[in-house]
Every structure is written in C-alpha cells, then in structure tokens.
Amino acid sequence: MFSLSHLSAGFIAVLVGYTSSAAIIFQAAAAAGASQAETGSWMWALGLGMGLTCIGFSLRYREPVLTAWSTPGAALLVTALAGVPMSEAIGVFLFSSALILLCGLTGWFDKIMRLVPAGLAAAMLGGVLLKFGLDLFASAQTRPLLVSAMLATYLALRRRLPRYVIPLSLLAGLLVAGGDGLLRFDDFEWQLARPVLMMPEFSLTSLLGVGIPLFMVTMASQNVPGIAVLRAHGYHTPASPLVGWTGLTGLLLAPFGGFAFNLAAISAAVCMGKEVDPDPKQRYKAAVWAGVFYLLMGLFGATVVGLFAALPGELVMAIAGLALLGTIGNSLTVALADERERDAALLTFMITASGLALFGIGSAFWGLVIGGSVHWLNRRRQA
C-alpha cells in the first residue's frame with residue numbers, strides 16, 4: 514500500500530547519503546586518475562549495487578535494510594590511491610570485496626572485529642578523515658564568504674535539524690556560489706551513465722597498503738554501526754548473509770568502479786523511526802523506495818558527475834569536511850576513551866594522518882601495524 518511517508522523517508526535517506534559524501538567519491542576517483550566517463554561508471558555501479566541490495570534485502574527480510582557505499586573507505590582512497598593506476602585500484606576493490614564476502618560466508622565477521630581493538634580502528638578512521646576536516650578550513654582561504662555561510666548554517670542547525678543539516682548547508686553554499694557567479698553550468702546536460710569495464714591488476718603493495726585498510730574501515734566503520742542501528746530499532750536481521758551479499762555485489766561491480774558496499778547506518782536510521790510508519794513491520798517499504806531512488810541516481814550517474822563538476826572546488830571540499838566532522842569527533846572520542854590503550858591509539862591516529870608511506874605501502878596500514886604492536890606489548894606488560 515502506497516504511503517507518502519515511506520516515499521519521502523526513502524528519498525531523504527538517499528539525499529542525505531549523496532549530499533554528505535558524493536564529493537568524496539569524486540575526489541577518490543580523481544586520485545585514481547579516472548576520466549569523466551570512468552567517474553560516471555563509478556556512480557553507475559554504486560547506484561546500481563546499492564539500489565538492488567536495498568530492494569532485495571528489504572523485500573527478503575521485510576525489514577528496513579539499507580546499504581551504502583563506504584564513505585570512510587572513499588576517504589581512505591583519496592589519499593591512498595595517489596599515484597596508483599586505475600587497473601591496480603580495481604584490483605584493490607576486488608580484493609577488499611572478496612575479503613568481505615569471505616567474512617559473510619564463514620561467519621568470521623564478529624571474530625575479525627574482535628581482533629582489532631575498537632580504539633585502534635577508530636584511531637585509524639580518524640587519521641584517514643582528518644585531511645577532510647582540515648580542507649574545510651583551508652578552502653576558507655580562497656572563498657571565505659562561501660565557507661563561512663556553510664559553516665554558520667551547519668553550526669546553527671546541527672542540533673535542531675540534524676537529519677537535514679548537510680543538505681541545508683549545501684543549499685547555503687549553492688546560494689552564495691550562485692550569487693558570486695561561481696556555478697558553471699554551461700557544459701551541464703542530462704545524460705544516462707554508461708558502464709566502463711576497467712580490467713584489474715594486482716600489486717602486493719597496493720593490496721596490503723590500500724586493500725586491507727579499505728576492508729578494515731568498511732567492516733569496522735560501516736558494517737558494525739549498520740548492524741548496531743538495526744539492533745537498536747528492534748530488527749534482528751542475520752548479519753553474516755547481509756555482509757556476504759554486499760561482498761558479492763562488490764565483486765561483481767568492482768570492475769565498473771563499485772569500490773565497496775556495506776550496511777548503512779546514518780541513512781538507514783532515516784527509514785526506521787516512528788515518523789516513517791507507526792508499525793515497525795511496514796517500515797521496510799521506505800528502504801525499498803530508497804533502493805528505487807538509488808537506482809535512478811545510478812542510471813543518471815553521468816549527470817551527477819556533471820553537476821558536481823559545475824560546482825566550485827571550495828564548495829565540494831567544504832561540504833565533504835562538514836559531513837565528516839561528526840565522524841572525526843566520534844572517532845577520536847572512541848580512540849582515546851580507554852586510558853590503557855591511549856598511547857597505541859594516538860600512534861595509530863598520528864601515523865595514519867601523517868601520510869607515511871614505506872615500501873610503497875600507505876600510512877593507514879602502518880598505523881594499524883605499529884599501533885597494534887604497541888597495544889599488544891601493553892597488554893603483555895599488564896598481564
């Protein structure tokens with residue numbers, strides 16, 4: 514039975530997801546040297562994968578199960594893919610998705626997450642995302658009025674309208690950019706996305722330095738909160754099949770740019786509240802609508818790419834930074850909460866944020882290795 518509340522909740526969930534992190538996807542694609550056609554293919558693959566899994570999961574379990582791309586994973590790729598050929602990037606996506614599929618098939622999901630302390634995983638995530646928070650203020654040097662308007666909107670509305678604060682901050686930026694003549698829509702046109710098949714290559718340094726961190730942040734920062742949101746709303750959907758199917762989806766769509774699929778948390782919560790439907794058993798319909806909108810966004814992925822290309826770079830950097838401020842703060846809170854693990858977490862955070870690269874392997878991997886070693890030594894000493 515059709516309900517406007519289901520449709521609107523699904524639309525808002527997709528809107529929040531795209532406005533909060535699509536800019537990061539474009540930066541990640543650019544880091545891998547993607548052409549505009551290849552970037553459009555990334556958006557096609559991501560929209561298709563999220564749409565099909567949202568609709569499939571929600572109809573199968575009759576519960577509001579939403580999927581998403583890995584925003585922390587995309588943030589990791591922005592720095593980790595610098596200088597990495599697109600073919601090796603595709604190999605990384607396949608490797609990470611294969612690990613996610615393996616976790617789902619074997620039920621190793623919970624076991625692997627217990628091996629990595631929550632504080633270290635949060636510290637690595639915070640280190641990956643720190644660049645985006647800094648870029649928010651760096652962009653204010655060239656466009657102070659634009660960034661100030663967006664930041665003021667965010668600070669004024671983040672507690673009153675937390676669900677809509679990112680779209681409204683983006684709207685404020687668009688108004689200022691339009692008033693200053695910064696929007697370049699001369700070459701913008703509506704067009705369907707065309708998938709571009711990109712063949713993979715596998716490099717040990719890329720798999721270790723990018724693939725394993727991508728897998729870790731996707732599992733720890735996306736799938737774990739995604740399951741937690743479902744449980745918090747009284748839904749007991751089995752976790753391993755969901756994780757396994759997202760991994761399989763990634764394997765199928767990685768050659769077209771689908772770098773990582775996972776369970777959604779923030780956007781999923783939009784479809785789970787009482788305002789969606791008083792009956793919890795009917796709220797899955799909102800997730801189905803979200804899947805429909807994801808499919809539409811994927812089909813018009815080239816248009817989305819053209820839209821963001823028409824925006825000033827400072828606006829894109831600012832909206833990405835604002836969208837990740839809360840995640841950076843939460844990551845640091847979790848990372849430094851346990852005094853016994855604080856030095857290990859701090860090392861993980863600083864090494865990851867530094868951009869250190871040894872033997873061609875990126876800083877996120879070394880942050881985990883060195884922080885994990887200090888954590889292990891501390892536990893041995895305490896024992």
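Residue numbers (our numbering): 514 to 896. Every residue gets a Cβ at the ideal spot worked out from N, C-alpha and C, and that includes glycine. A quick note: this is a predicted structure, and the numbers were derived from the prediction, not measured.
(request) Can you give me the start and stop residues for the beta strand (DSSP E) that ALA634 sits inside? (result) Sequence index remark: in the sequence shown, residue 634 carries index 121 (1-based). Note, ALA634: premise wrong, no beta strand (DSSP E); alpha helix (DSSP H) at 631-651.
(request) Determine contact between the region 736-746 and the region 764-781, defined as no fewer than three beta-carbon pairs at a distance below 8 Å. (result) yes
(request) Please state whether DSSP places PHE774 in a helix, a strand or coil. (result) For this step, residue 774 is matched to residue 261 along the sequence shown. In this structure, PHE774 counts as strand in the three-state DSSP scheme.
(request) Would you kindly check if the distance between the Cβ of LEU649 and the Cβ of GLY770 is under 8 Å? (result) In the sequence shown, the residue the question calls residue 770 occupies position 257. In the sequence shown, the residue the question calls residue 649 occupies position 136. Their beta carbons are not under 8 Å apart, which means GLY770 does not touch LEU649 by this criterion.
(message) Going by C-alpha to C-alpha distance, which of THR666, VAL783, LEU695, LEU765 sits closest to PRO708?
(response) Here the question's residue 708 lines up with position 195 in the sequence shown. It is LEU765.
(request) Excluding the 5 residues preceding and the 5 following SER898 in the sequence, name in chain order all residues of the same chain whose CB lies nearer than 6 Å to its CB. (result) Because the chain here runs from 514 to 896, residue 898 falls outside it and cannot be looked at.
(message) Could you compute how far the alpha carbon of GLU677 sits from the alpha carbon of LEU890?
(response) Here the question's residue 677 lines up with position 164 in the sequence shown. Here the question's residue 890 lines up with position 377 in the sequence shown. A quick correction: the sequence has Tyr, not Glu, at residue 677. Each residue's Cα considered, the two are about 45 Å apart.
(request) Below 8 Å CB to CB, which residues in the same chain sit around ILE832 once its five sequence neighbours on both sides are set aside? (result) Stepping through the sequence shown from its first residue, residue 832 is reached at position 319. The residues are THR532, SER533, ALA536, MET663, ILE679, SER682, LEU683, GLY686.
(request) Could you have a look at LEU871 and say whether DSSP puts it in helix, strand or coil? (result) Position 358 of the sequence shown, counting from 1, holds the residue named residue 871. Three-state DSSP puts LEU871 in a strand.
(message) If you reduce the DSSP assignment to three classes, tell me which class THR750 lands in.
(response) Here residue 750 corresponds to residue number 237 of the sequence shown, with the count starting at 1. In the structure shown, THR750 sits in coil (DSSP, three-state: anything other than H, G, I, E or B).
(request) Decide yes or no for the touch test of the region 744-757 against the region 587-596: beta carbon pairs closer than 8 Å, at least 3 of them. (result) no
(message) What would DSSP say about ALA581, mapped onto helix, strand or coil?
(response) Position 68 of the sequence shown, counting from 1, holds the residue named residue 581. Three-state result, ALA581: strand.
(message) Just to confirm, is the Cβ distance from GLY586 to GLU714 under 8 Å?
(response) In the sequence shown, counting from the first residue as 1, residue 586 sits at position 73. In the sequence shown, counting from the first residue as 1, residue 714 sits at position 201. In this structure, GLU714 does not lie closer than 8 Å to GLY586 by Cβ.
(message) Pairs of beta-carbons, one from the region 847-854 and one from the region 551-569, closer than 8 Å: are there three or more?
(response) no
(request) Please classify ASP790: is it buried, with 16 or more other beta-carbons within 10 angstroms of its beta-carbon, or exposed? (result) Residue numbering aside, residue 790 sits at position 277 when the sequence shown is read from its first letter. Buried, because 16 or more other Cβ atoms sit within 10 Å of the Cβ of ASP790.
(request) Count the other CB atoms, across all protein chains shown, that sit within 10 Å of the CB of GLN704; report buried if there are 16 or more and exposed otherwise. (result) Within the sequence shown, the letter at position 191 stands for residue 704. Counting other Cβ atoms within 10 Å of its Cβ, GLN704 stays below 16 and is therefore classed as exposed.
(message) For a minimum of 3 consecutive residues, which ranges assigned as the beta strand (DSSP E) are wholly contained in the region 565-616?
(response) 580-582
(message) In whole angstroms, give me the CA-to-CA distance for SER652 and ARG894.
(response) One-based indexing of the sequence shown puts residue 652 at position 139. One-based indexing of the sequence shown puts residue 894 at position 381. Those two C-alpha atoms are separated by around 45 Å.
(message) Spatial neighbours of THR566 within its chain, please: C-beta separation below 6 Å, excluding the five flanking residues on both sides.
(response) Locating residue 566 in the sequence shown gives position 53, where the first residue counts as 1. Excluding positions up to five away in sequence, the list reads THR580, THR762.
(request) Enumerate in chain order the residues of its own chain whose CB-to-CB distance from TRP555 is below 6 Å, with the five nearest sequence positions on each side excluded. (result) Position 42 of the sequence shown, counted from the start, is the residue given in the question as residue 555. Here the set comprises ALA542, GLY770.
(request) Could you give the DSSP three-state label for VAL689: helix, strand or coil? (result) Translated into the one-based positions of the sequence shown, residue 689 becomes position 176. Correct three-state label for VAL689: helix.
(message) In whole angstroms, give me the CA-to-CA distance for GLY724 and PHE606.
(response) Locating residue 724 in the sequence shown gives position 211, where the first residue counts as 1. Locating residue 606 in the sequence shown gives position 93, where the first residue counts as 1. Spanning the two alpha carbons is a distance of roughly 7 Å.
(request) Following the continuous alpha helix (DSSP H) through TRP879, name the residue where it begins and the one where it ends. (result) Here residue 879 refers to the residue found at position 366 when the sequence shown is read from its first residue. Looking at the DSSP string, the run of the alpha helix (DSSP H) that includes TRP879 is 876-895.
(message) If I follow the unbroken alpha helix (DSSP H) through VAL730, where does it start and stop?
(response) As a position in the sequence shown, residue 730 is number 217, starting the count at 1. 725-731 is the extent of the alpha helix (DSSP H) around VAL730.
(request) Enumerate in chain order the residues of its own chain whose CB-to-CB distance from ASP792 is below 7 Å, with the five nearest sequence positions on each side excluded. (result) Counting from one through the sequence shown, the residue named residue 792 turns up at place 279. For ASP792, where only same-chain residues beyond five positions count, there are no Cβ hits under 7 Å.
(message) As a quick exercise: from LEU642, GLU551, ALA836, pick the residue whose alpha carbon is nearest that of SER867.
(response) The residue labelled residue 867 in the question sits at position 354 within the sequence shown. Answer by Cα proximity: LEU642.
(request) With a 10 Å radius around its C-beta and 16 neighbouring C-beta atoms as the bar for buried, classify LEU612 as buried or exposed. (result) Indexing the sequence shown from 1 puts residue 612 at position 99. It counts as buried.
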